[in-house]
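Shown next, in structure tokens, is the structure this report addresses.
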Amino acid sequence: MKNLLILCDAFPPDFAPRMGYLCKYLKNLDWNPIIVTEYSPRNIFPDLAKEQNVTYINFYFSKNKLWQKIKYIFVFLLDFLFNYKNYIIRKKAEKIITQTEISLILTSTFKIFPTLAACQLSKKHTIPFVVDFRDIFEQTPNNELISKRVTNSAFINRIIASGITKKLLRQRSTILQQARAVTTVSEWHKEFLSQYNSNTHLIYNGFDSDLFYPQKIESDNFIISYTGRIESREIKDPSLFFEAIAQLLAEKKLDVETLKIQFYVIDKNSKQIIQNCAKEYKILDFIDIFNSVSNFEIPEILNKSSVLLLLANKLPKGIVGTKIFEYMAVEKPILCVRNDEGVLQEVINRANAGIAASTVEETEKFLLEKYVEWQKNGFTQQNGNREYVKQFSRKRQAEQFVKFFENLFPNS
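In numbering that gives the first Met the number 0, the protein residues as written are 0 to 411.
Here's what the structure looks like:
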């Protein structure tokens, strides 16, 4: 069994399903994952952290919120000036390398940390390393991935975000050229990153077939559900959906007594975006906002729903997260708004999983069709392309990674 050292910015129980599910299936494929990652107190995927060899590094979280803010600013400055976080994770990983024979280093990130540490370890110990990018800066407008607000001035925040992005892009360019290979999550990402490393490969996100499968659950309510995060309205815009709901309610085409619109979101920023946007369309009273729940609870929520809401927008490029695959796996109608006119639209169409809507009229028509189906049956079902959807299972994703790893060692 080969040992795989994984350096990543997040790992379960935090919100990091890509690496979590990869590690779930690796041991059955003759690879032993050893993970070093940043600590987060969020407990969303508790099962994926069990029986895994994980070292967590707590850079700034504390029960004392004031002390946590002070530590965050301190770490932020040290990291920007001296790559502090990369230094710390590299030192932790180096202890593992001196005690264990490592065949390959895999680093997974949505910005760039901790790819520098992986690159430095690769050079020092002559171990090949692979970079897995879940997201990149160029996919979103206005430096959206540098999301932390530093001051109350939007102008100063833009200057700071621009400076950080430029530094990280220079660093990323150097690292990509030295990586043995690169993996990423969409065709758009693959084409973009191939400019820096020609050995770039696409491995989509996916769903865990142990959890996500269709169940016929009847409901007394017509439930529209959303699960996940809303980084900003530039990336995920609910306004078209809210406008359609407001119109249908005004025309009394939906029964207010049976309509349930439920958001399960991961952070305060997501809640604020939903509330502000819903107020604009005067439908906040019809919306329930819940905290995110564990991955064990999500399948029942999806299967109870009549329509699964997928938020998107036209400007971001190549964003294709876990949710679309989990939605498709339970065979419930997907309403994607706004149409990204890209990978989400393509996947939904090929899977016959629902609609990527560009207009209020399209959204209203789709919702009414599913509303009639629910009134008739007590549930809805999307008869999609099962063979197409099957390829996105997490088990198959792990097999793709392993085949990719093995190809890096043709003589072994």
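The beta-carbon is built from N, C-alpha and C at its ideal position, and this holds for glycine as well.
With DSSP collapsed to three states, give me the class of Thr358. Coil at Thr358, not helix or strand.
Taking DSSP's pairing of strands, which residues face Trp66 in a bridge? DSSP output for Trp66 lists no bridge partner at all.
The alpha helix (DSSP H) enclosing Pro426, as first and last residue numbers: Because the chain in this structure spans residues 0 to 411, residue 426 falls outside the shown range and cannot be described.
Compare the Cα-Cα distances from Arg242 to each of Phe44, Phe58 and Arg337 and report the closest residue. Checking the sequence, you will find Glu at residue 242 rather than Arg. The shortest C-alpha separation from Glu242 is found at Arg337.
What's the C-alpha gap between Val388 and Asn82? If you take the alpha carbons of Val388 and Asn82, they lie about 41 Å apart.
Are the CB atoms of Tyr71 and Tyr55 nearer to each other than 8 Å? No. Outside cutoff.
By a C-beta neighbour count over all protein chains shown, 10 Å radius and 16 as the cutoff for buried, is Asn85 buried or exposed? So Asn85 counts as buried.
CA-CA distance, Ile286 and Leu167? A straight-line Cα-Cα distance of about 39 Å links Ile286 and Leu167.
Extent of the continuous beta strand (DSSP E) to which Pro237 belongs: In the DSSP annotation of this structure, Pro237 is not part of any beta strand (DSSP E), being labelled neither H nor E.
Exposed or buried, what is Val255 when buried is set at 16 or more other beta-carbons lying within 10 Å of its beta-carbon? Result: exposed.
Do you know offhand how far Trp66's Cα is from Ala9's? If I take the Cα positions, the gap works out to 22 Å.
Identify every residue that forms a DSSP beta bridge with Glu37. Glu37 is bridged to Ile56.
Touching or not, the segment 263-274 and the segment 379-393, by the rule of three or more beta carbon pairs under 8 Å? Three or more Cβ pairs closer than 8 Å define a contact, and the segment 263-274 falls short of that threshold against the segment 379-393.
Length at least 4, wholly inside the segment 298-352: the alpha helix (DSSP H) runs in chain order: For the segment 298-352, the full-length alpha helix (DSSP H) segments reaching 4 residues or more read 321-328 and 342-350 along the chain.
Out of Asn27, Leu115 and Phe408, which has the shortest C-alpha to C-alpha gap to Ala92? That would be Leu115, whose Cα lies nearest to the Cα of Ala92.
How long is the line joining the alpha carbons of Ala4 and Ile96, rounded to whole angstroms? Contrary to the premise, residue 4 reads as Leu rather than Ala in this sequence. Their Cα atoms are separated by approximately 8 Å.
So, do the segment 361-368 and the segment 206-217 have three or more beta carbon pairs nearer to each other than 8 Å? No, because fewer than three Cβ pairs between the segment 361-368 and the segment 206-217 fall closer than 8 Å, the two stretches do not touch.
Measure the beta-carbon distance from Val319 to Leu343 and round it to whole angstroms, keeping in mind my assumption that it falls under 8 Å. With a Cβ gap of about 6 Å, Val319 and Leu343 count as contacting.
Using only CA atoms, which one of Ile111, Ile126, Met0 and Val129 lies nearest to Gly137? Strictly speaking, residue 137 in this sequence is Glu, with Gly absent from that position. Checked all of Ile111, Ile126, Met0 and Val129; the closest Cα to Glu137 is Ile111.
Cβ distance (whole Å) where Glu186 is taken to contact Leu201 below 8 Å: Contact between Glu186 and Leu201 holds: CB atoms are separated by about 6 Å, below the 8 Å threshold.
Is the CB-CB distance between Ile216 and Asn302 below 8 Å? A distance below 8 Å separates the beta carbons of Ile216 and Asn302.
Considering only the beta carbon of each residue, do Gln246 and Val359 sit closer than 8 Å? Cβ atoms of Gln246 and Val359: closer than 8 Å.
Cross-strand partners of His200 (DSSP beta bridge): Beta-bridge pairing links His200 to Thr182.
Assuming contact is defined by CB atoms lying nearer than 8 Å, are Asn2 and Ile88 in contact in what I supplied? No, they are not a contact pair.
Nearest-angstrom beta carbon gap, Leu103 and Phe404 [assumed within contact, 8 Å]: The pair is a contact, with the Cβ atoms about 6 Å apart (cut-off 8 Å).
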